[in-house]
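Protein chains in written order, with my numbering: chain R, 17 to 236; chain S, 17 to 236.
Even for Gly, the Cβ is constructed at its ideal location relative to N, Cα and C.
If you're wondering where the values come from, they're calculated on a predicted model, not measured in any experiment.
Working notes for the structure below.
2 protein chains.
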Amino acid sequence: MSHFAHLSEENYLKALFKLSSKQVKKVNNIALAKELDLNPATVLEMVRKLSDRKMVQLMPDKTIHLTEKGRKKALLTIRKHRLWEVFLVDKLNYQWSEVHELAEQLEHIESEDLVNRLDAFLGFPASDPHGDPIPDKNGKLTQVQLIPLKEVELGKTYIVQSFAETADSFLDYLSKVDIRPAIKIKILDRNEYDQSLIVVINKKQLHLSEKVAKNILVKP
Amino acid sequence: MSHFAHLSEENYLKALFKLSSKQVKKVNNIALAKELDLNPATVLEMVRKLSDRKMVQLMPDKTIHLTEKGRKKALLTIRKHRLWEVFLVDKLNYQWSEVHELAEQLEHIESEDLVNRLDAFLGFPASDPHGDPIPDKNGKLTQVQLIPLKEVELGKTYIVQSFAETADSFLDYLSKVDIRPAIKIKILDRNEYDQSLIVVINKKQLHLSEKVAKNILVKP
DNA sequence: GGATTTTATTTGGCATGCCAAATAAAATGT
DNA sequence: ACATTTTATTTGGCATGCCAAATAAAATCC
Numbered sequence: 017m018s019h020f021a022h023l024s025e026e027n028y029l030k031a032l033f034k035l036s037s038k039q040v041k042k043v044n045n046i047a048l049a050k051e052l053d054l055n056p057a058t059v060l061e062m063v064r065k066l067s068d069r070k071m072v073q074l075m076p077d078k079t080i081h082l083t084e085k086g087r088k089k090a091l092l093t094i095r096k097h098r099l100w101e102v103f104l105v106d107k108l109n110y111q112w113s114e115v116h117e118l119a120e121q122l123e124h125i126e127s128e129d130l131v132n133r134l135d136a137f138l139g140f141p142a143s144d145p146h147g148d149p150i151p152d153k154n155g156k157l158t159q160v161q162l163i164p165l166k167e168v169e170l171g172k173t174y175i176v177q178s179f180a181e182t183a184d185s186f187l188d189y190l191s192k193v194d195i196r197p198a199i200k201i202k203i204l205d206r207n208e209y210d211q212s213l214i215v216v217i218n219k220k221q222l223h224l225s226e227k228v229a230k231n232i233l234v235k236p
Numbered sequence: 017m018s019h020f021a022h023l024s025e026e027n028y029l030k031a032l033f034k035l036s037s038k039q040v041k042k043v044n045n046i047a048l049a050k051e052l053d054l055n056p057a058t059v060l061e062m063v064r065k066l067s068d069r070k071m072v073q074l075m076p077d078k079t080i081h082l083t084e085k086g087r088k089k090a091l092l093t094i095r096k097h098r099l100w101e102v103f104l105v106d107k108l109n110y111q112w113s114e115v116h117e118l119a120e121q122l123e124h125i126e127s128e129d130l131v132n133r134l135d136a137f138l139g140f141p142a143s144d145p146h147g148d149p150i151p152d153k154n155g156k157l158t159q160v161q162l163i164p165l166k167e168v169e170l171g172k173t174y175i176v177q178s179f180a181e182t183a184d185s186f187l188d189y190l191s192k193v194d195i196r197p198a199i200k201i202k203i204l205d206r207n208e209y210d211q212s213l214i215v216v217i218n219k220k221q222l223h224l225s226e227k228v229a230k231n232i233l234v235k236p
């Protein structure tokens, strides 16, 4: 098949972009292997190919940096992913918590034109069903200042924007307690011992663990 | 990638279904290789895998037959292909002539549920933009009413679909006068005495005997 | 019937992506 | 500084799908 050639390239670039955005630790072979759940040998091999293709640059300290070309490809893939997610939720009535896997497949469809038409068909949405912004057709991303719920101030109200975790179990949990992008969340109290939070969502009081609070991103 | 495993299987099954529908000549290795534009060695290899997977049956005379399982998979792939074509034309404003390649990609998206939702979203269309019927979710294809050429109306144009006779002499004759599936045929006149027909194919006038006309199946 | 052409099959090879296990290099602990 | 752990890399191997070229078998021609 000529379609779907270099199928994994987009996944590597997306993962690299995600890691570089988090900038928590340096992005090396191991970190990337962990993110993609692949063998380090596999990742090293592929990273060298990506280097040959001028998608990444291997630094002397072994960290992996996206080139401008790689970054753009990553962002266009993220654009495709998020637009397909909007399609699945808005048009096919999927729940926002169940579209990720399908979008993983759909994002690999090769056609700039198709994704631009899809964008228009969906009414040029600014963000996907998880609240993450959709890059424009040139790969430009308008970032919003996101705050982990863990670090918010007591007594204030925030708007849920997106999440720092994609595990199904996490998304299912959010869905169950009705936490989703664009919903308002008021911070009542913080338990200093275990860093858990008491919040109010839809007029219902809710207790969120530190682990959950760390992965919910809000804006003021 | 776990997605898109056995990616080519669906293409082989589709091609086999297409060839078996035409039933012009026996479906063997060479015919399939020609249809898929692949090396016969490649096709033989894959056909054996499909046989292991119980998708096809290899007959003693070397012809390749779809099993019930293979036929169903082929029809469900055709269903996906045609529904995506409807989507591209109806929703994204593509011309019907430019959607085939995109649908070739989209048809490989793995999700029964997705395609059924797409079907509903499109309003359960009966046929694709090319006029070909869309199989239902069980893989059942409502065949277009086939009419023996003998019984058509004068003055109208029909599309050749298949043949009710498999004798080599008959097929050789068809080949000689350029009658093949999908070709347009216009009915000019009928000789009431011997029930023979005067038709136009490729702008050339042709005289067909009753015996021949009985065995050519067309659709409006 | 023997020669030629066509069809069928085998063989060896290639590219993409993946892994496990072995080894080498670097970082970290004591 | 030495030992241990972590990280990086190499090696050999596997599965999917593809090809060209060689060979074997079958069909067709004369």
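Separation of Ile150 (chain S) from Phe33 (chain S), as counted between CA atoms: 14 Å
Simplified DSSP state of Val115 (chain R), which is helix, strand or coil: coil
Beta carbon proximity, Lys107 (chain S) to chain R, threshold 8 Å: yes
For Thr173 (chain S), the residue or residues it bridges with in DSSP: S:Lys202
Gln73 (chain R) (DSSP reduced to helix, strand or coil): strand
Within chain S, the residues that Glu126 (chain R) reaches when beta carbons sit closer than 7 Å: Gln121
Any C-beta of chain S under 8 Å from that of Leu23 (chain R): yes
CB of Leu82 (chain R) within 8 Å of CB of Ala90 (chain R), strictly: yes
Beta-carbon proximity check, Lys50 (chain S) vs Met71 (chain S), cutoff 8 Å: no
Rounded straight-line distance, which links the Cα of Glu123 (chain R) to that of Phe103 (chain S): 17 Å
Own chain partners of Gln211 (chain S) with C-beta closer than 6 Å, once the 5 adjacent residues on each side are dropped: Glu226
Own chain residues within Cβ distance below 7 Å of Ile199 (chain S), not counting five before or after: Val176 and Ile217
Counted within 10 angstroms of its Cβ, other Cβ atoms place Lys30 (chain S) as buried (16 or more) or exposed: buried
Stretch pair the segment 121-136 of chain R + the segment 165-176 of chain R: three plus CB contacts closer than 8 Å: no
Interface residues of chain S facing Phe140 (chain R) [CB-CB closer than 7 Å]: In chain order: nothing, as chain S lies at least about 14 Å away.
Classification of Gly147 (chain R) by the beta-carbon crowding that lies within 10 angstroms, buried from 16 upward: buried
DSSP-derived helix/strand/coil call for Pro56 (chain R): helix
Start-to-end residues for the alpha helix (DSSP H) that takes in Lys85 (chain S): Glu84 to Asp106
Closest Cα partner of Glu208 (chain S) within the set S:Ile195, S:Asp194 and S:Leu224: S:Leu224
Opening and closing residue of the beta strand (DSSP E) in which Leu224 (chain R) lies: Lys220 to Leu224
Residues sharing a beta bridge with Asn109 (chain S), DSSP: Answer is none; Asn109 (chain S) lacks a bridge partner.
Element boundaries [alpha helix (DSSP H), containing Ser191 (chain R)]: Asp184 to Lys192
According to DSSP, residues forming a beta bridge with Ile125 (chain R): None, per the DSSP bridge assignment.
Assigned secondary structure, Pro137 (chain R) (DSSP; H/G/I helix, E/B strand, else coil): The sequence given here has Phe at residue 137 (chain R), not Pro. Looking at Phe137 (chain R) - three-state DSSP - the assignment turns out to be helix.
C-beta contact flag for Val168 (chain S) and Ile203 (chain S) at 8 Å: yes
Close Cβ partners of Leu60 (chain R) (< 6 Å) along its chain, the five nearest in sequence each way excluded: Asn45
Partner residues on chain S for Leu118 (chain R), Cβ-Cβ distance less than 7 Å: Ser127 and Leu130
CB contact below 8 Å: Arg95 (chain R) versus chain S: no
Lys96 (chain R) burial status per 10 Å Cβ neighbour count (16 or more: buried): buried
Identified DSSP bridge partners for Asn207 (chain S): S:Ser212
Contact under 8 Å by Cβ, Phe137 (chain R) with Leu108 (chain S): yes
Simplified DSSP state of Gln29 (chain R), which is helix, strand or coil: The sequence given here places Leu at residue 29 (chain R); Gln does not occur at that position. Of the three classes helix, strand and coil, the one that applies to Leu29 (chain R) here is helix, per DSSP.
Any chain S beta carbon closer than 8 Å to Lys34 (chain R): no
N-terminal and C-terminal residue of the beta strand (DSSP E) that Val234 (chain S) is part of: Ile232 to Lys235
Test: Leu54 (chain S) CB closer than 8 Å to a CB of chain R: no
Local Cβ density within 10 Å of Phe179 (chain R), reported as buried at 16 or more and exposed below that: buried
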